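11 is the number of the first residue of the sequence shown in the numbering used here; add one for each residue after it.
We put the CB at the ideal spot given by N, CA and C, even for glycine.
Please read all numbers here as calculations on a predicted model, not as lab measurements.
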Amino acid sequence: MSVFIKHGFSLQKYLLVFLVWIGLVPFTFAEVSSYEITSRQPYASGMTFGDVGAYEEIIGRLHYEIDPANLQNQVIVDLEFAPLNARGMIEMSGDFEIIVPVNPDNGNGVALIDIPNRGNRISPRFNQPNANDSVGGGFLMQEGYTLVWVGWEFDINNGLKLDVPVTTDTDAMPIAGLGFAAVRDIGSWIKYSSDALVSSEHLLSFGLSQSGRYLRNYLYLGFNTDEAGRKVYDGMDAHIAGSSKIDLNRRGATPVSQGQFNSTTFPFADNAYPDPVTGVSEGLLENSRARQNQPRIFYTNTSVEYWGGGRVAALVHTSPDGSEDLELPDNVRFYLLASTQHGPAAFPPAGPGNGQLSNNPLNYWWHMRALLVALTDWVTDDVEPPASAHPRLGDNTLVRPEQVNFPDIPGVHTLINVNAGTRVANSLLENEGGVGAALPLLVPQVDQNGNDMSGLLHPELIVPLATYTGWNFSSPERGDPDQLFPLAGSYIAFTPNRETRESLNDPRLSIAERYSDKQDFLNQISNVTQEIIEQRYLLAADKGAIIERASQHWDFLMEP
11 MSVFIKHGFS LQKYLLVFLV WIGLVPFTFA EVSSYEITSR QPYASGMTFG
61 DVGAYEEIIG RLHYEIDPAN LQNQVIVDLE FAPLNARGMI EMSGDFEIIV
111 PVNPDNGNGV ALIDIPNRGN RISPRFNQPN ANDSVGGGFL MQEGYTLVWV
161 GWEFDINNGL KLDVPVTTDT DAMPIAGLGF AAVRDIGSWI KYSSDALVSS
211 EHLLSFGLSQ SGRYLRNYLY LGFNTDEAGR KVYDGMDAHI AGSSKIDLNR
261 RGATPVSQGQ FNSTTFPFAD NAYPDPVTGV SEGLLENSRA RQNQPRIFYT
311 NTSVEYWGGG RVAALVHTSP DGSEDLELPD NVRFYLLAST QHGPAAFPPA
361 GPGNGQLSNN PLNYWWHMRA LLVALTDWVT DDVEPPASAH PRLGDNTLVR
411 PEQVNFPDIP GVHTLINVNA GTRVANSLLE NEGGVGAALP LLVPQVDQNG
461 NDMSGLLHPE LIVPLATYTG WNFSSPERGD PDQLFPLAGS YIAFTPNRET
511 RESLNDPRLS IAERYSDKQD FLNQISNVTQ EIIEQRYLLA ADKGAIIERA
561 SQHWDFLMEP
């Protein structure tokens, strides 16, 4: 395969490694000037992963040189105030970590660059959705990916960090936008440089929440083109980012603190569309910076990104005023992970915490594994991925909150006073992109059980034991009980039998009214799971684990 590490046994090669270690070897590739290895050891104590075999873990520091005169860098705010070295370049350095097959020929030829969230590694969540450790079942390693993490954020205390220069004026402010160049340049280094520590023909990037918003802004600003004018990433998944971006490329940016704040700036959708607020017609991908070298893109979102969190996911596939559906570009797919929350809650479900209801444990990572395989196949073999799956205005599966046909379940807060917040400033546009204008809120319509009707439906939504939502109102102890608690969904179990249901005035059919027994339930789960596998939204290898979790769910409710 085309992912490989430079191995060698000559004295010359050993000398080169030593000089690189101490940071004395400058690369001919301009953007990454040198690296230092601080740790190199077997990954997971030498565990082997199927035919791929063992992996090794490499940790160190990268040193970058950024050309302030290069056109691809001109969008970086405060570039003109950056200190320069003797070669007229801007210097910065940051952490990296690489997990790579010991025998690179056994890999799948794809490097997955995981954009850290506040310095934290995210992609290990693919490995085993039901496991608590980062290795889990080793899905990513079994598939043969080379995994790469690189620091891009300057304002964190722990984890993978990027040290950026400060401006030479009296303010001495960090030049935060250089964080986009770091991710661009490690990708370009891996893909094109003969001096790279690891190399790959195909590059994917993955970002989650904060780092998913990072990827959307990375695209908007045109950073998928390197200093030499070449495409960097071939595929990308901006996960649970909604229509938002990250506020990184400005003086005074503090990206670490943006978790609970609105971060939605125009443009929202990829294609240009006239904005009724500003009169501007621009798209995330359809603008002068981003038109070239676009990757193939997945947007994956939960119901929470529709309902709250300042992310307003519907605006990725509707007009800026939310009045009509938009078609996605040919290189983009959008998937709603129906009736899920920002990150799945623990199973078995616990009682209410920050919200008035139990948090939502529906595990979307089974879908994410299948989608990662589909994105990989699209990039490496040009295999069309499964069709986008999301709610639409045209078929009434995307509606205003007051139009949601949620069942009248006793003790559940009515969906009132919910809004999407307002636009955040976009300094690249006139009038800052309509800053302060109200955002339209459009959310998924639900079925008679209160579960989303559209998107990627988990088997336990089609054969349900509970209602799962993308919203949860705050408990009185945690906040205003008429406001949504950030990023949380809800879990509301069905009653076990008709008698209990009627005594509680619950309009939803009980479990006993739906299924003759546990085996009937599991048979239906098995059949539905197989159908979804055939649609390529789940992997055949995961069927057994999905059925096992459904069995545990039945026991939790019916045999406590």
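### Query
Quick one: is V393 buried, meaning 16 or more other Cβ sit within 10 Å of its Cβ, or exposed?
Exposed, by the Cβ-count rule.
### Query
Roughly how many whole angstroms lie between the Cα atoms of Y478 and D340?
32 Å
#### Entry: Backbone secondary structure at L346 - three-state DSSP
strand
### Query
Thinking just about the alpha-carbon of each residue, which of V87, L294, A384, S329 is nearest to the one in R260?
R260 has its Cα closest to that of V87, out of V87, L294, A384, S329.
#### Entry: Cβ shell of I557 (< 7 Å), same chain only, five flanking positions each side left out
L532, I535, S536, T539
### Message
Is the separation between the beta-carbon of Y155 and that of A248 shorter than 8 Å?
### Response
no
### Query
In chain order, what residues of the same chain lie with their CB nearer than 6 Å to the CB of P401, ignoring the 5 residues before and after it?
T407, L408, P454, S464
#### Entry: Among L336, L425, K528, nearest to Q493 - alpha-carbon criterion
L425
### Query
Does the stretch 407–422 touch the stretch 276–285, meaning 3 or more C-beta pairs lie closer than 8 Å?
The stretch 276–285 vs the stretch 407–422: no contact.
### Task
Within the same chain, show all residues whose beta-carbon is closer than 6 Å to that of Y374, passing over the 5 residues directly before and after it, in chain order.
L347, T350
### Query
Which word fits T275, buried or exposed, when buried means at least 16 other C-beta atoms lie within 10 angstroms of its C-beta?
By the neighbour-count criterion, in which a residue is buried when 16 or more other Cβ atoms sit within 10 angstroms of its Cβ, T275 is buried.
### Among G169, I123, A279, nearest to R194 - alpha-carbon criterion
I123
### Message
Mapping the DSSP letters down to three states, classify L72 as helix, strand or coil.
### Response
strand
### Query
Name the DSSP beta bridge partners of H212, please?
Answer is V120.
#### Entry: Enclosing beta strand (DSSP E) for T178 [first to last residue]
It is not in any beta strand (DSSP E) - T178 carries neither H nor E in the DSSP assignment.
### Task
May I ask you to list the residues that DSSP assigns as paired with Q51?
E67
### Query
Helix or strand or just coil, what does DSSP make of V35?
Unreliable placement is indicated for V35, whose pLDDT of 42 sits below 50; the coordinate value is still reported in the next sentence. It is coil, neither helix nor strand.
### Message
Would G332 and L439 qualify as a contact pair, given that the criterion is a beta-carbon distance under 8 Å?
### Response
no
### Query
Straight-line CA distance for R524 to L225?
43 Å
### Query
Can you tell me whether R379 is buried or exposed, with buried defined as 16 or more other CB within 10 angstroms of its CB?
buried
### Query
Assuming F566 contacts P358 under a Cβ cut-off of 8 Å, what Cβ separation, rounded to an integer in Å, is found between them?
5 Å
### Query
Using DSSP with H/G/I as helix, E/B as strand and the rest coil, what is Y202?
helix
### Proximal residues to W31 (C-beta, below 8 Å), its chain only, five neighbours per side dropped
Per-residue confidence for W31 stands at a pLDDT of 41, beneath the threshold of 50, marking its modelled position as unreliable; the derived number appears in the next sentence. Closer than 8 Å at Cβ, skipping near neighbours: E46, I47.
### Same chain only: Cβ atoms within 8 Å of V174, ignoring 5 sequence neighbours per side
M102, F164, P184, I185, A186, L188, G189
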